[in-house]
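Visitor: After the structure tokens below, expect a handful of questions from me.
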Amino acid sequence: MSTADSPTDLMERIVALCKRRGFIFPSSEIYGGFNGFFDYGPLGAELKKNIRDCWWNDMVRRRDDIVGLESSIIMHPKVWEASGHVAGFSDPLVDCKESKQRYRADQLFFAQVFVENVEFGPDVIDDLVAKKRISKEYGAALSDGKYGSPTLVGFVSALESERIEAELNEKAEEFKKKFRIRGQLKPISSNISGLVRDMTEAVPDEIDLIPSPATGEPGSLTPPRSFNMMFQTNVGAMTDASSVAYLRPETAQGMFVDFKTVVDTGRVKLPFGIAQIGKSFRNEITPRNFIFRSREFEQMEMEYFIHEDADWAKCHQEWIEWCRTWLLSIGLPDSHLSLYAHPKEKLAFYSKGTVDIMFKYPFGVQELWGIAARGNYDLGQHAKASGKPQEIFDEATKKKFVPHVIEPAVGVDRILLAALCAGYAEEDVKDEKGNVEKRTVLRFSPRLAPIKVAVLPLIKNKPELVDVAEKLYRKLKRKWNVFYDESGNIGKRYRRQDEAGTPWCVTIDFETIEKDGTFTLRERDSMQQTRIDEAALFALLEEKIY
Ligand code: GAP
Numbered sequence: 007m008s009t010a011d012s013p014t015d016l017m018e019r020i021v022a023l024c025k026r027r028g029f030i031f032p033s034s035e036i037y038g039g040f041n042g043f044f045d046y047g048p049l050g051a052e053l054k055k056n057i058r059d060c061w062w063n064d065m066v067r068r069r070d071d072i073v074g075l076e077s078s079i080i081m082h083p084k085v086w087e088a089s090g091h092v093a094g095f096s097d098p099l100v101d102c103k104e105s106k107q108r109y110r111a112d113q114l115f116f117a118q119v120f121v122e123n124v125e126f127g128p129d130v131i132d133d134l135v136a137k138k139r140i141s142k143e144y145g146a147a148l149s150d151g152k153y154g155s156p157t158l159v160g161f162v163s164a165l166e167s168e169r170i171e172a173e174l175n176e177k178a179e180e181f182k183k184k185f186r187i188r189g190q191l192k193p194i195s196s197n198i199s200g201l202v203r204d205m206t207e208a209v210p211d212e213i214d215l216i217p218s219p220a221t222g223e224p225g226s227l228t229p230p231r232s233f234n235m236m237f238q239t240n241v242g243a244m245t246d247a248s249s250v251a252y253l254r255p256e257t258a259q260g261m262f263v264d265f266k267t268v269v270d271t272g273r274v275k276l277p278f279g280i281a282q283i284g285k286s287f288r289n290e291i292t293p294r295n296f297i298f299r300s301r302e303f304e305q306m307e308m309e310y311f312i313h314e315d316a317d318w319a320k321c322h323q324e325w326i327e328w329c330r331t332w333l334l335s336i337g338l339p340d341s342h343l344s345l346y347a348h349p350k351e352k353l354a355f356y357s358k359g360t361v362d363i364m365f366k367y368p369f370g371v372q373e374l375w376g377i378a379a380r381g382n383y384d385l386g387q388h389a390k391a392s393g394k395p396q397e398i399f400d401e402a403t404k405k406k407f408v409p410h411v412i413e414p415a416v417g418v419d420r421i422l423l424a425a426l427c428a429g430y431a432e433e434d435v436k437d438e439k440g441n442v443e444k445r446t447v448l449r450f451s452p453r454l455a456p457i458k459v460a461v462l463p464l465i466k467n468k469p470e471l472v473d474v475a476e477k478l479y480r481k482l483k484r485k486w487n488v489f490y491d492e493s494g495n496i497g498k499r500y501r502r503q504d505e506a507g508t509p510w511c512v513t514i515d516f517e518t519i520e521k522d523g524t525f526t527l528r529e530r531d532s533m534q535q536t537r538i539d540e541a542a543l544f545a546l547l548e549e550k551i552y
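Per the numbering used here, the sequence shown runs over residues 7 to 552.
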């Protein structure tokens with residue numbers, strides 16, 4: 007099996023396939039697209055629906071302790087004040103005044119350039135000062151020979167990527183050449199604490215000396231400032247402060263705000279969960295990596311309420327395992343999954359622990375699913391802000407208490423991208439005549455595959471074949487998304503389905519009509535062909551698609 011060469015290459019090919027086959031394309035493309043927004047075409051919409059359905063069936067319908075919810079996207083603005091989003095749902099933002107580019111400060115990295123046994127004359131030092139690579143005061147000290155070895159000679163910067171270290175070192179090399187500095191560069195390594203930092207860690211004196219990634223020149227980056235990521239809108243005819251509302255940045259608050267109503271109407275008992283699937287919106291500063299970080303996306307979140315005295319750590323662990331097992335059940339490879347426990351000092355004050363399930367995307371290992379133990383912070387906040395207690399009565403102790411919560415929160419689009427990236431392969435295969443040709447294949451699990459079966463009459467001008475094929479197609483279509491294709495040679499039709507990720511093709515051939523009614527079943531991954539009758543075909547699909 008061969009896949010594309012570099013990670014960037016691979017992503018480009020996946021994006022191109024998505025466009026070519028109608029999985030995903032930029033939103034409003036006829037107007038040039040709209041950064042951070044995407045449309046899902048016929049195959050993408052099916053794939054997405056299958057992810058949602060698998061999650062909903064496994065998370066809600068097949069469990070006795072979880073109920074579903076669909077809350078509104080625009081909620082009372084006080085929800086977002088109580089939850090802390092109005093005050094604190096922000097990313098640190100850095101502007102480049104020259105290029106007008108915007109960066110997330112925690113994704114813009116910089117390093118000091120150090121040179122051992124440095125040799126430079128006064129003209130070089132003057133040049134460094136004039137081009138704002140070092141401060142005037144430091145330049146004066148250098149001119150006076152007040153420097154040790156290694157010597158700081160300036161700064162380089164680069165945006166977060168898999169190659170960040172290599173890129174910073176290349177830029178340091180260019181820097182040394184450009185300013186004709188002699189000596190040995192000290193390698194820049196992110197393993198050495200403090201050597202590579204992001205802009206949130208820059209001290210004020212450094213900011214003016216750090217080059218903008220857009221221009222390569224220092225002096226145009228602003229200090230980081232907070233940027234609230236919620237999209238604002240106005241509700242009603244007035245557009246003043248009193249009508250401001252927000253598009254929800256997460257679905258979770260719906261579950262907290264409706265907690266009491268669900269308890270009072272849903273016949274639920276602790277521990278129990280409320281789950282929701284729906285769109286969320288964040289005005290991301292740097293949407294990127296295709297659909298990985300977009301401005302409109304879909305979340306599948308569940309709030310699992312537990313007794314205040316329950317063993318939260320055990321419950322948290324059980325949910326981490328449940329989520330990981332579920333990802334395997336939809337076909338993501340275990341080898342691409344890992345866990346990241348957030349360091350205690352970086353957690354919000356109310357949080358007891360957060361573990362992310364990470365996925366190895368072509369552009370790096372990134373967060374797929376966050377599983378947070380949030381204590382009783384959210385219900386407590388809403389009780390305070392609304393004046394409505396959010397408690398449950400404990401029959402055993404005859405006391406009321408506010409339940410604690412474990413929250414597994416995942417993005418549908420990130421799962422979809424993970425399935426695309428893990429499933430994508432390019433292979434050399436032999437056609438019927440033994441010639442080697444390329445095939446592109448998406449190895450989706452049958453549960454996720456947008457098309458479950460393709461029905462192919464061997465030739466289209468033989469009514470007996472077409473008649474059987476059409477009948478089978480109609481019958482299958484009652485239960486599953488099935489595709490009918492009679493155009494082109496059979497090898498080409500198989501390739502088209504490989505690219506769409508269809509796990510099986512059934513070909514209606516002469517044996518079907520002349521002998522026993524069986525069809526050729528061609529399996530996508532092994533490309534093996536066997537014979538199967540209708541009952542066995544239905545049984546296979548029932549077993550694999552659940
Ligand atoms: N209620 C908790 C919460 O929303 P989060 O880590 O901000 O937590 C949960 O988001 C999940 O939603 C993430 O793990 C990710 O899968 C998805 N997600 C978050 N921001 C996203 C974005 N801009 N684009 C696509 N998916 C996103």
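In this text, a Cβ means the ideal position worked out from N, Cα and C, and glycines have one as well.
Judging by CA-CA distance, which residue of Thr245, Gly370, Arg301, Ala147 is the nearest neighbour of proline 13?
Guide: Position 7 of the sequence shown, counted from the start, is the residue given in the question as residue 13. Checking every option, the nearest Cα to that of proline 13 belongs to Gly370.
Visitor: Report the rounded CA-to-CA distance for aspartate 400 versus leucine 114, giving the unit in angstroms.
Guide: Here residue 400 refers to the residue found at position 394 when the sequence shown is read from its first residue. Here residue 114 refers to the residue found at position 108 when the sequence shown is read from its first residue. Approximately 50 Å, taken between the alpha carbons.
Visitor: In chain order, what residues of the same chain have a beta carbon less than 7 Å from the beta carbon of leucine 134, not counting five sequence neighbours either side?
Guide: Numbered from its first residue, the sequence shown carries residue 134 at position 128. Ile140, Gly145, Val159, Gly160, Phe185.
Visitor: Going by C-alpha distance, which of Asn197, Trp332, Lys458, Phe233 is nearest methionine 65?
Guide: As a position in the sequence shown, residue 65 is number 59, starting the count at 1. Of the candidates Asn197, Trp332, Lys458, Phe233, the one whose C-alpha sits nearest the C-alpha of methionine 65 is Trp332.
Visitor: Would you give the residue range spanned by the alpha helix (DSSP H) that methionine 17 belongs to?
Guide: Position 11 of the sequence shown, counted from the first residue, corresponds to residue 17. First-last of the alpha helix (DSSP H) with methionine 17: 13 to 26.
Visitor: Would you tell me roughly how many angstroms separate the C-alpha atoms of arginine 294 and arginine 301, rounded to the nearest one?
Guide: Stepping through the sequence shown from its first residue, residue 294 is reached at position 288. Stepping through the sequence shown from its first residue, residue 301 is reached at position 295. Cα to Cα, arginine 294 sits roughly 10 Å from arginine 301.
Visitor: Using a threshold of 7 Å, is the CB atom of leucine 303 nearer than that to any non-hydrogen atom of the ligand GAP?
Guide: Within the sequence shown, residue 303 is the residue found at index 297, counting from 1. Leucine is not the amino acid found at residue 303; the sequence shown has phenylalanine there. Yes, the Cβ of phenylalanine 303 comes within 7 Å of a heavy atom of the ligand GAP.
Visitor: When the distance is taken between beta carbons, is valine 263 closer than 8 Å to valine 85?
Guide: Residue 85 sits at position 79 when you count from the first residue of the sequence shown. Residue 263 sits at position 257 when you count from the first residue of the sequence shown. For valine 85 and valine 263, yes; Cβs fall inside 8 Å.
Visitor: With a threshold of 7 Å, establish whether the CB of glutamate 166 neighbours any heavy atom of the ligand GAP.
Guide: Counting from 1 along the sequence shown, the entry for residue 166 is found at position 160. No, Cβ of glutamate 166 sits at least 7 Å from all heavy atoms of the ligand GAP.
Visitor: Expressed to the nearest angstrom, what Euclidean distance is found between the alpha-carbon atoms of threonine 9 and proline 469?
Guide: Stepping through the sequence shown from its first residue, residue 9 is reached at position 3. Stepping through the sequence shown from its first residue, residue 469 is reached at position 463. The pLDDT assigned to threonine 9 is 47, lower than 50, so where the model puts this residue is not dependable; a value taken from the coordinates is nonetheless given after this. When rounded, the distance between both Cα atoms is 41 Å.
Visitor: Per the contact definition of three or more C-beta pairs closer than 8 Å, is the stretch 445 to 455 in contact with the stretch 340 to 351?
Guide: Too few Cβ pairs lie closer than 8 Å, so no.
Visitor: Pick helix, strand or coil for asparagine 467, following the three-state DSSP scheme.
Guide: What you label residue 467 is simply residue 461 of the sequence shown in a count that begins at 1. Coil at asparagine 467, not helix or strand.
Visitor: Between valine 121 and glutamine 190, which are expected to be in contact by the criterion C-beta below 8 Å, what is the C-beta distance as a whole number of angstroms?
Guide: Stepping through the sequence shown from its first residue, residue 121 is reached at position 115. Stepping through the sequence shown from its first residue, residue 190 is reached at position 184. Contact flag correct, Cβ pair sits at about 7 Å.
Visitor: Expressed to the nearest angstrom, what Euclidean distance is found between the alpha-carbon atoms of glutamate 373 and valine 416?
Guide: Taking the first residue of the sequence shown as position 1, residue 373 is located at position 367. Taking the first residue of the sequence shown as position 1, residue 416 is located at position 410. One C-alpha to the other measures close to 9 Å.
Visitor: Relative to the alpha-carbon of proline 463, which residue among Glu517, Asp45, Ala545, Ile80 has its alpha-carbon at the smallest distance?
Guide: For this step, residue 463 is matched to residue 457 along the sequence shown. Per the Cα distances, Glu517.
Visitor: I'd like to know whether the C-beta atoms of isoleucine 519 and valine 474 end up nearer to each other than 8 Å.
Guide: As a working mapping, residue 519 is identified with position 513 in the sequence shown. As a working mapping, residue 474 is identified with position 468 in the sequence shown. Yes, they are a contact pair.
Visitor: Hey, is the stretch 148 to 157 in contact with the stretch 201 to 210, meaning 3+ C-beta pairs nearer than 8 Å?
Guide: Not touching, per the Cβ criterion.
Visitor: Any chance the CB of serine 300 is under 7 Å from a heavy atom of the ligand GAP?
Guide: The residue you call residue 300 lines up with position 294 of the sequence shown. Within the cutoff, so yes.
Visitor: Just the Cα atoms here: how many angstroms apart are methionine 7 and leucine 343?
Guide: Numbered from its first residue, the sequence shown carries residue 7 at position 1. Numbered from its first residue, the sequence shown carries residue 343 at position 337. Residue placement at methionine 7 cannot be trusted, given a pLDDT of 43 that sits under 50; the coordinates are not used to answer.
Visitor: Would you say glycine 376 touches the ligand GAP, meaning its beta carbon is less than 7 Å from a heavy atom?
Guide: The residue you call residue 376 lines up with position 370 of the sequence shown. Yes - the ligand GAP has a heavy atom lying nearer than 7 Å to the Cβ of glycine 376.
Visitor: Would you tell me roughly how many angstroms separate the C-alpha atoms of aspartate 419 and methionine 236, rounded to the nearest one?
Guide: Stepping through the sequence shown from its first residue, residue 419 is reached at position 413. Stepping through the sequence shown from its first residue, residue 236 is reached at position 230. The straight-line gap from Cα to Cα measures roughly 19 Å.
Visitor: Here's the rule: buried if 16 or more other CB atoms are within 10 angstroms of the residue's CB, otherwise exposed. What is glutamine 503?
Guide: One-based indexing of the sequence shown puts residue 503 at position 497. Its Cβ being crowded by 16 or more others within 10 Å, glutamine 503 is buried.
Visitor: Rounded to whole angstroms, what is the Cα-Cα separation between lysine 477 and glutamate 505?
Guide: On the sequence shown, position 471 is the one that residue 477 refers to. On the sequence shown, position 499 is the one that residue 505 refers to. One C-alpha to the other measures close to 25 Å.
Visitor: Near alanine 316, what residues of its chain come up, given a Cβ to Cβ distance below 6 Å and the 5 sequence neighbours on each side ignored?
Guide: Along the sequence shown, read from residue 1 onward, the residue named residue 316 stands at position 310. For alanine 316, where only same-chain residues beyond five positions count, there are no Cβ hits under 6 Å.
Visitor: Following the continuous alpha helix (DSSP H) through glycine 189, name the residue where it begins and the one where it ends.
Guide: For the purposes of this step, residue 189 is identified with residue 183 of the sequence shown, where counting begins at 1. From DSSP, glycine 189 is part of no alpha helix (DSSP H) but of the beta strand (DSSP E) over 188 to 191.
Visitor: For lysine 406, write down the residues that DSSP places opposite it in a beta bridge.
Guide: The residue you call residue 406 lines up with position 400 of the sequence shown. Looking at the DSSP assignment, lysine 406 forms a beta bridge with Phe399.
Visitor: Identify, in the order they occur along the chain, each residue of the same chain with its Cβ nearer than 7 Å to the Cβ of lysine 358, setting aside the five sequence neighbours on each side.
Guide: The count along the sequence shown starts at 1 and reaches residue 358 at position 352. Excluding positions up to five away in sequence, the list reads Trp318, Ala379, Gly381.
Visitor: Kindly indicate the opening and closing residues of the beta strand (DSSP E) around alanine 251.
Guide: Your numbering for residue 251 matches position 245 in the sequence shown. Its beta strand (DSSP E) spans residues 250 to 252.
Visitor: Please determine whether the Cβ atom of glycine 127 lies at a distance below 7 Å from any heavy atom of the ligand GAP.
Guide: Position 121 of the sequence shown, counted from the first residue, corresponds to residue 127. Incorrect: glycine 127 has no Cβ contact closer than 7 Å to the ligand GAP.
Visitor: Name the DSSP bridge partner or partners of glycine 284?
Guide: Numbered from 1 along the sequence shown, position 278 holds the residue referred to as residue 284. Glycine 284 is bridged to Gln305.
Visitor: Any heavy atom of the ligand GAP closer than 7 Å to the Cβ of glutamate 351?
Guide: Taking the sequence shown and counting its residues from 1, one reaches residue 351 at position 345. Not so, every heavy atom of the ligand GAP lies at least 7 Å from the Cβ.
Visitor: Tell me the rounded alpha-carbon separation between leucine 454 and alanine 178.
Guide: Walking along the sequence shown from the start, residue 454 turns up at place 448. Walking along the sequence shown from the start, residue 178 turns up at place 172. Approximately 46 Å between the Cα atoms of the pair.
Visitor: Kindly indicate if chain D contains any beta-carbon less than 8 Å away from that of phenylalanine 369.
Guide: Going by chain labels, chain D is absent from the structure shown, which holds only one protein chain.
Visitor: Would you say the stretch 226 to 236 touches the stretch 56 to 71, given that touching needs at least three Cβ pairs under 8 Å?
Guide: Too few Cβ pairs lie closer than 8 Å, so no.
Visitor: Would you list the residues sitting across from valine 100 in a DSSP beta bridge?
Guide: Start at 1 with the first residue of the sequence shown, and residue 100 comes out as number 94. DSSP, once it has assigned bridges, lists Tyr109 as partnering valine 100.
Visitor: Can you grab the Cα-Cα spacing for the pair leucine 174 / glutamate 548, in whole Å?
Guide: For the purposes of this step, residue 174 is taken as residue 168 along the sequence shown, with counting starting at 1. For the purposes of this step, residue 548 is taken as residue 542 along the sequence shown, with counting starting at 1. Leucine 174 and glutamate 548: Cα-Cα distance of roughly 53 Å.
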